[in-house]
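Undergrad: Sharing a structure with you now.
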Amino acid sequence: MSTPLFAIEGVTKRYGGLTAVQGVSIALQAGELVGLIGPNGAGKTTCFNLITGADTVTEGRVLWQGEDVTGLRDWQRARLGMARTFQNIRLWKDMTVRDNVRTVCRAAAQAGWLDGLLRTPRHRRVEAEVGARADELLERLGVASLAALRAGDLPYGPQRKLEIARALALEPRLLLLDEPAAGMTPSEKTDLMQVVQGLRRDHGLTVLVIEHDMRFVMGICERIVVLDHGELIGQGTPDEVRRDPRVVAAYLGSA
Amino acid sequence: MGSDALPSTLVLGLSLGPTGLWWTHLLVMVGMYALLGLSLNLINGYGRMFSLGHHGFWALGAYAAGSLVHHAAGSMPGPLLFLASVVLAVGVAALGGLLIGVPCLRLKGDYLAVATLGFGEILRITIQNLPEGLLGANIGLTVPRVLLEKTPETKGLFQAGWAGLMVVAVVLVAWLVRNLVTSARGRTMLAVAQDEVAAGLLGVDPTRSKVAPFVVGAALAGLAGALYAHYQGTIAPQEFTFLEMVKMLLVVVLGGLGSISGCILAAFVLLYVEQVLQLAGQDMLPAGVPPLPASWTWLAEWWSVIYALVLVLLMIFRPHGLLGTRELNDLLRSWRTRRTGRGTGAGA
């Protein structure tokens, strides 16, 4: 098997006496679409935080294409090509929808502070490029008509879509979605499933998704990883996971 | 036409009576606080970093320009020396901003405020206690006139010239601030200000996106400092106290944290009231300057208390300032649409 795009190895996180995640290892091959499930408090979001560098690991390693990135800061890891959305939406509420995406666009980094300050030709070129890219992403997620609105004024569903558009602006190779369908209507969920599958199909994006909606997870993921009490208790195809007695016990309580 | 221009300006300048002198002085001071407010707005308004050390960067610019001119006057043509002193002031203040910003911007909220306040005060007290030969200590530093002479005969020209210069400076700085906040890097500053965690996880280096606008803000305060030194002709440490910082903060908060036109308007209102109050009992106000109502005269003694109080009240009831992030033309537009909206509604 080739080197995974991304892996965590034996990762543990302790907060004082509480162990949130215990010796978890997950590896994702490029192009995989994997679900991360488990009951509330199982440590799913903590895993995301450890992967993206929002939090530091107590033990274990985080690998990106085989290289140890455990010591990198969150923004350095993001620039490698991992982007995420948040369980409790974290848009820049006072900025416009379009500016939320423009801020993250990779091309924006080509213009320095002085370019913007003095309106150099480079500033104008970068703004044009970034603007076109942002509009394209907003179009793709179906929120283009809301571009000029303040992000905080959007309804819940479009806010979640905007978070995905913003994450895509980073041109990631790994996309981490934290409960992307939460609060969405059934039809919005169906749209979202198609969007996520389309992203992987068109751009070879690798996706790790936390989601409680089983129709969503079972519907799009080819592999599912199950956490309970901070430990990995099983993984496999949706069918295998559904039949795994430990998984069933974790969800329904053991008899 | 070109040869007429200078003498006619001269005549205009010389013909400024007491009223004209009063207004041009007001204009210069409004410009000064507009510059300080705009540059502070970049840090405290758009950047949502609570700095209380802006008077320090202002002093840094004033002393950098002042000491250069003090020592080098006569060694090169006046306008050239003026320009060199402004460039030096901007550079020194920017460097100061970098040195203070890098360690302090790791701090948040109150801690950042205390650390920057410490800088402003330490700088002032250091100048006071250095040997007199260096920066003039408590006696002050004389800054020879290198751009416009100020004698009783040329006072009008001096005042008119400075008023014009300040208008140019304010327009330039307002343009720069607007450019910065609407540029790619400026957006990363706004993002970090609103949610630093999200910004970091989406590839924005939060330290850079805070330090850079802090340095730009400091540099622009340095520009204001250089202009202040040249306009005043002498500078002393007592002019750069924390009370000035409170005034700058009031300009920013009154105008709106994140509003350029609001800042300029607030500087005008604040300085106008202050300048009117400063002339004892308003009896000395030149003709043509509208006085305040007689019942307001008690304000003169209580002015420092009042503006601190206004600041406290604004912070409680309008934490984003009177205009918030809106500009004056936004307000005009919304008034107009409300009116036309009603008009078309009645027509249909």
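In order, the protein sequences belong to chains A and B.
Heads up, the first sequence is in my numbering, so the first residue is 1 and it goes up one at a time.
Heads up, the second sequence is in my numbering, so the first residue is 1001 and it goes up one at a time.
Even for Gly, the Cβ is constructed at its ideal location relative to N, Cα and C.
With Leu-28/A and Leu-174/A assumed to form a contact (beta carbons below 8 Å), what rounded beta-carbon distance in angstroms separates them?
TA: Residue numbering aside, residue 28/A sits at position 28 when the first sequence is read from its first letter. Residue numbering aside, residue 174/A sits at position 174 when the first sequence is read from its first letter. Going by Cβ atoms, the distance from Leu-28/A to Leu-174/A rounds to 7 Å, so yes, they are a contact pair.
Undergrad: Could you tell me how far apart the beta carbons of Thr-1234/B and Leu-1134/B are, in whole angstroms, since I believe they sit closer than 8 Å?
TA: Walking along the second sequence from the start, residue 1234/B turns up at place 234. Walking along the second sequence from the start, residue 1134/B turns up at place 134. Going by Cβ atoms, the distance from Thr-1234/B to Leu-1134/B rounds to 15 Å, so no, they are not a contact pair.
Undergrad: Can you name, in chain order, every residue of its own chain whose Cβ lies under 8 Å from the Cβ of Glu-1327/B, other than the five neighbours on each side?
TA: Here residue 1327/B is taken as the residue at index 327 of the second sequence, counted from 1. The answer, listed in chain order, is Ser-1259, Ile-1260, Ser-1261, Gly-1262.
Undergrad: My assumption, with CB atoms under 8 Å, is that Trp-75/A sits in contact with Val-1204/B. Please give the rounded CB distance.
TA: Looking up residue 75/A in the first sequence gives position 75. Looking up residue 1204/B in the second sequence gives position 204. With a Cβ gap of about 6 Å, Trp-75/A and Val-1204/B count as contacting.
Undergrad: Just checking, does the stretch 1180–1196 of chain B make contact with the stretch 88–102 of chain A on the three C-beta pairs under 8 Å criterion?
TA: Segments in contact, yes.
Undergrad: How many angstroms separate the CA atom of Leu-1254/B from the CA atom of Ser-25/A?
TA: Working through the second sequence from its first residue, we reach residue 1254/B at position 254. Working through the first sequence from its first residue, we reach residue 25/A at position 25. Those two C-alpha atoms are separated by around 55 Å.
Undergrad: So is Ala-265/A in contact with chain B if we call contact Cβ pairs under 8 Å?
TA: This structure leaves residue 265/A out entirely; chain A is present only between 1 and 255.
Undergrad: Would DSSP call Gly-1288/B helix, strand or coil?
TA: What you label residue 1288/B is simply residue 288 of the second sequence in a count that begins at 1. Note: Gly-1288/B maps to coil in three-state DSSP.
Undergrad: Put Trp-64/A into one of helix, strand or coil per three-state DSSP.
TA: On the first sequence, residue 64/A is found 64 positions in, with the first residue counted as 1. In the structure shown, Trp-64/A sits in a strand (DSSP, three-state: E or B).
Undergrad: Relative to chain A, which residues along the stretch 1096–1108 of chain B have a C-beta separation below 9 Å, given in chain order?
TA: The residues in question: there are none.
Undergrad: With H, G and I counted as helix, E and B as strand and the rest as coil, what does DSSP make of Asp-228/A?
TA: Position 228 of the first sequence holds residue 228/A. Here Asp-228/A sits in strand by DSSP.
Undergrad: Checking contacts by CB at 8 Å: is Asn-1041/B closer than that to chain A?
TA: Mapped onto the second sequence, residue 1041/B falls at position 41. Chain A contact via Cβ: absent.
Undergrad: Judging by CA-CA distance, which residue of Ala-165/A, Gly-41/A, Arg-133/A, Cys-47/A is the nearest neighbour of Glu-9/A?
TA: Taking the first residue of the first sequence as position 1, residue 9/A is located at position 9. The residue with the shortest Cα to Cα distance from Glu-9/A is Cys-47/A.
Undergrad: Between the alpha carbons of Pro-155/A and Arg-1106/B, how many angstroms are there, rounded?
TA: Along the first sequence, read from residue 1 onward, the residue named residue 155/A stands at position 155. Along the second sequence, read from residue 1 onward, the residue named residue 1106/B stands at position 106. Going from the Cα of Pro-155/A to the Cα of Arg-1106/B covers about 34 Å.
Undergrad: Does Ala-1191/B get closer than 8 Å to chain A when you measure Cβ to Cβ?
TA: As a first step, residue 1191/B must be located in the second sequence, where it is residue number 191. Yes, because at least one Cβ of chain A sits closer than 8 Å to the Cβ of Ala-1191/B.
Undergrad: How about the stretch 1016–1028 of chain B and the stretch 1074–1083 of chain B: do they share at least three Cβ pairs that are nearer than 8 Å?
TA: The answer is no - the stretch 1074–1083 of chain B does not touch the stretch 1016–1028 of chain B, with fewer than three Cβ pairs under 8 Å.
Undergrad: Taking 8 Å as the CB-CB limit, is Val-1216/B close to chain A?
TA: What you label residue 1216/B is simply residue 216 of the second sequence in a count that begins at 1. It does: the Cβ of Val-1216/B has a partner Cβ on chain A nearer than 8 Å.
Undergrad: Leaving out five residues on either side along the sequence, give the residues of the same chain with a beta carbon under 6 Å from the beta carbon of Gly-1061/B.
TA: Numbered from its first residue, the second sequence carries residue 1061/B at position 61. Closer than 6 Å at Cβ, skipping near neighbours: Ala-1089, Ala-1093, Gly-1222, Gly-1225, Ala-1226.
Undergrad: Alpha carbon to alpha carbon, how far is Phe-1158/B from Ala-1151/B? Give it in angstroms, no decimals.
TA: The residue given as residue 1151/B occupies position 151 in the second sequence. The residue given as residue 1158/B occupies position 158 in the second sequence. The amino acid at residue 1151/B is misidentified as Ala; the sequence shows Thr. Approximately 9 Å between the Cα atoms of the pair.
Undergrad: Under 8 Å between C-beta atoms, does Thr-103/A make it to chain B?
TA: Taking the first sequence and counting its residues from 1, one reaches residue 103/A at position 103. Closer than 8 Å to some Cβ of chain B, the Cβ of Thr-103/A qualifies, so yes.
Undergrad: Would you say the beta carbon of Ala-169/A is closer than 7 Å to some non-hydrogen atom of the ligand ATP?
TA: In terms of ligand content, the structure shown is empty, and the ligand ATP therefore cannot be addressed.
Undergrad: So Asp-115/A packs on Arg-122/A, CB below 8 Å; how close in whole Å?
TA: Here residue 115/A refers to the residue found at position 115 when the first sequence is read from its first residue. Here residue 122/A refers to the residue found at position 122 when the first sequence is read from its first residue. Yes, Asp-115/A and Arg-122/A are in contact; Cβ-Cβ is about 5 Å, under 8 Å.
Undergrad: Using a Cβ cut-off of 8 Å, which residues of the stretch 43–73 of chain A contact any Cβ in chain B, in chain order?
TA: The residues in question are Thr-52, Gly-53, Ala-54, Arg-73.
Undergrad: Please work out which residues of its chain come closer than 6 Å, Cβ to Cβ, to Ser-1039/B, disregarding the five sequence neighbours upstream and downstream, and give them in chain order.
TA: By one-based count along the second sequence, residue 1039/B stands at place 39. Gly-1217, Leu-1220, Ala-1221, listed in sequence order.
Undergrad: Report the residues of the stretch 1219–1253 of chain B with a CB closer than 9 Å to any CB of chain A, ordered along the chain.
TA: So nothing in the stretch comes that close.
Undergrad: What residues from chain B crowd round His-203/A, counting only those whose CB sits closer than 9 Å?
TA: In the first sequence, the residue the question calls residue 203/A occupies position 203. Chain B residues near His-203/A: none, gap ~18 Å exceeds 9 Å.
Undergrad: Under 8 Å between C-beta atoms, does Gly-1140/B make it to chain A?
TA: Position 140 of the second sequence, counting from 1, holds the residue named residue 1140/B. Not an interface residue.
Undergrad: Could you tell me whether the Cβ atoms of Leu-137/A and Ala-182/A are closer together than 8 Å?
TA: Position 137 of the first sequence, counting from 1, holds the residue named residue 137/A. Position 182 of the first sequence, counting from 1, holds the residue named residue 182/A. No, they are not a contact pair.
Undergrad: Given a threshold of 16 other Cβ atoms within 10 Å of its Cβ, counted over all protein chains shown, does Gly-43/A qualify as buried or as exposed?
TA: Along the first sequence, one-based indexing puts residue 43/A at 43. Gly-43/A is buried by the Cβ-count criterion.
Undergrad: Arg-246/A: buried (16+ other C-beta within 10 angstroms of its C-beta) or exposed?
TA: The count along the first sequence starts at 1 and reaches residue 246/A at position 246. By the neighbour-count rule (16 or more Cβ atoms within 10 Å), Arg-246/A is not buried but exposed.
Undergrad: What does Gly-1186/B touch in chain A if you count any residue whose Cβ is under 9 Å from its own?
TA: Working through the second sequence from its first residue, we reach residue 1186/B at position 186. Near Gly-1186/B (Cβ distances below 9 Å), the residues of chain A are Trp-113, Gly-116, Leu-117.
Undergrad: Three-state secondary structure (DSSP) at Leu-1332/B?
TA: Residue numbering aside, residue 1332/B sits at position 332 when the second sequence is read from its first letter. DSSP places Leu-1332/B in helix when its eight states are reduced to three.
Undergrad: Please confirm if the stretch 61–80 of chain A is in contact with the stretch 1161–1172 of chain B, defined as three or more CB-CB distances below 8 Å between the two stretches.
TA: No, the stretch 61–80 of chain A is not in contact with the stretch 1161–1172 of chain B.
Undergrad: So, at 6 Å on beta carbons, what are the nonlocal neighbours of Arg-223/A in its own chain, with the 5 sequence-adjacent residues on each side left out?
TA: For the purposes of this step, residue 223/A is identified with residue 223 of the first sequence, where counting begins at 1. Excluding positions up to five away in sequence, the list reads Val-34.
Undergrad: I'd like the list of long-range same chain contacts for Val-101/A, defined as Cβ closer than 6 Å, with 5 residues on each side in sequence excluded.
TA: Position 101 of the first sequence, counted from the start, is the residue given in the question as residue 101/A. Cβ neighbours of Val-101/A beyond the five flanking positions: Ala-134, Leu-137, Ala-165, Arg-166, Ala-169.
Undergrad: So what's Phe-980/B in DSSP terms, helix, strand or just coil?
TA: Within the shown structure, residues of chain B are numbered from 1001 to 1348, placing residue 980/B beyond reach of any answer.
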